């Protein structure tokens, strides 16, 4: 079973974007090398808002799934548009396929629905040294708690802190 | 000038308490020794809600200030009740006194008002390995961003991650 990994940058107050979806305050750290992460994945999951903000198809090398009830598949060649209501079944099928890991790049609403369906394996956050004050939350209001296990941490010179957690099975529904 | 230090535990999604103010999901890590922190402070600042949840006067060894427009000082011997509108001027005076550091233990609303007044020197969070889903935010909606400088990090066996940041002067108002 390959893993579904929610991988995002966020502020210390857990916003993954500003109210308009911008992420300009996430200054890249020159010491952070994203290539091992990208070498480990071959599939990308995005919600509709994240997709629109990302500029349509930002990672053409990845099999990309966009979950939306409003986008028309024929308008978006190069990605697979799936009804948001089918997110859990689609991701469950993808997860059971052979392949590399699956990157859930956001947003928080898609994360919430997949977390509730017990389909997220890791939460991997890069915490930028800023309080954003407002914006798009890492996880919108969620009626359950999800316990995590810290499996790795990295600290960079700019103050970027990368924390990698496994979602604990014993705390998940079903 | 002694420092005002906002020191709290939080979930990865940046909630410092559940919706009722409870913090039972913050399992103490046996390796974390709070005594150096307590040796470095002599004064405690709290908002009214934090004070009521803390069980009145939880740290009798500290000079404790509670900011509230509704509590009556005569009902709360042992602490100093100050009008919330006077928080900034009171804290500015305390900060200019001789003494050890000042612990701002919460909540988020008091933090926000003191941050806006350029009166918070550090943000010191213990991140517990959990997604709380909802609750009391580290920082309620704030119209400015505050840039931070990571000055220290500690990682404990339970997965508790302590991150200590200085609030950057160059990013503060005034």
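Chains as they are written, first to last, in this note's numbering: chain Z, 885 to 1058; chain Y, 885 to 1058. Glycine residues also receive a C-beta, built at the ideal position from the N, C-alpha and C atoms. For clarity, every value in this text was computed on a predicted model and none was experimentally measured.
query	result
What does a CB cutoff of less than 7 Å around residue 903 of chain Y pick up in its chain, not counting 5 residues either side in sequence?	1018, 1019
Tell me the rounded alpha-carbon separation between residue 1029 of chain Y and residue 967 of chain Z.	36 Å
Please check if any C-beta of chain Y sits within less than 8 Å of the C-beta of residue 1049 of chain Z.	yes
Rounding to the nearest angstrom, what Cα-Cα distance links residue 1058 of chain Z and residue 1003 of chain Z in this structure?	Low per-residue confidence applies at residue 1058 of chain Z: pLDDT is 41, beneath 50, and the placement is therefore not dependable, though the value from the model is reported in the following sentence. Each residue's alpha carbon lies about 11 Å from the other.
Any C-beta of chain Z within less than 8 Å: which residues of the region 1011-1031 of chain Y qualify?	1011, 1013, 1014, 1015, 1016, 1017, 1018, 1021, 1022, 1023, 1025, 1026, 1027, 1028, 1029, 1030, 1031
Could you give the distance in angstroms between the alpha-carbon of residue 920 of chain Z and the alpha-carbon of residue 962 of chain Z?	24 Å
With a CB to CB cut of under 8 Å and the five nearest residues on each side skipped, what residues in its chain are close to residue 1023 of chain Z?	898, 992, 995, 996, 999
In whole angstroms, give me the CA-to-CA distance for residue 1037 of chain Y and residue 960 of chain Y.	37 Å
Can you find the residues in the same chain that come closer than 6 Å, C-beta to C-beta, to residue 1050 of chain Z, ignoring five residues on each side of it along the sequence?	1006, 1033, 1035
Does any residue of chain C have a CB that is nearer than 8 Å to the CB of residue 969 of chain Y?	No chain C appears in this structure, whose protein chains are Z and Y.
Helix, strand or coil: which one does DSSP assign to residue 937 of chain Z?	helix
Name the two residues that bound the continuous beta strand (DSSP E) containing residue 1051 of chain Y.	1045-1051
Would you call the CB atoms of residue 1010 of chain Y and residue 931 of chain Y closer than 8 Å?	no
So, using beta-carbon positions, are residue 969 of chain Z and residue 934 of chain Z closer together than 8 Å?	no
In whole angstroms, what separates the C-alpha of residue 957 of chain Y from that of residue 1014 of chain Z?	36 Å
Taking the straight line between their C-alpha atoms, what separation do you get for residue 1089 of chain Y and residue 964 of chain Y?	In the structure as shown, chain Y begins at 885 and stops at 1058. Residue 1089 of chain Y is therefore absent and cannot be evaluated.
Beta-carbon within less than 7 Å of residue 913 of chain Z's beta-carbon, same chain only, minus the 5 sequence neighbours each way: which residues are those?	1040, 1041, 1042, 1044
DSSP beta-bridge partners for residue 984 of chain Z?	None; residue 984 of chain Z has no bridge partner.
Which stretch, first to last residue, makes up the beta strand (DSSP E) that contains residue 901 of chain Z?	899-901
Can you name the residues of chain Y whose CB is closer than 8 Å to the CB of residue 898 of chain Z?	896, 897, 898, 1022
Anything in chain Y within Cβ reach of residue 1043 of chain Z, meaning under 8 Å, just list it in chain order.	1032, 1033, 1034, 1049
Looking at the secondary structure, which residues open and close the alpha helix (DSSP H) in which residue 996 of chain Z lies?	992-1000
Does chain Z have any CB closer than 8 Å to the CB of residue 1009 of chain Y?	yes
Using CA coordinates, which residue listed in Y/1053, Y/1048, Y/891 is at the minimum distance from residue 927 of chain Y?	Y/891
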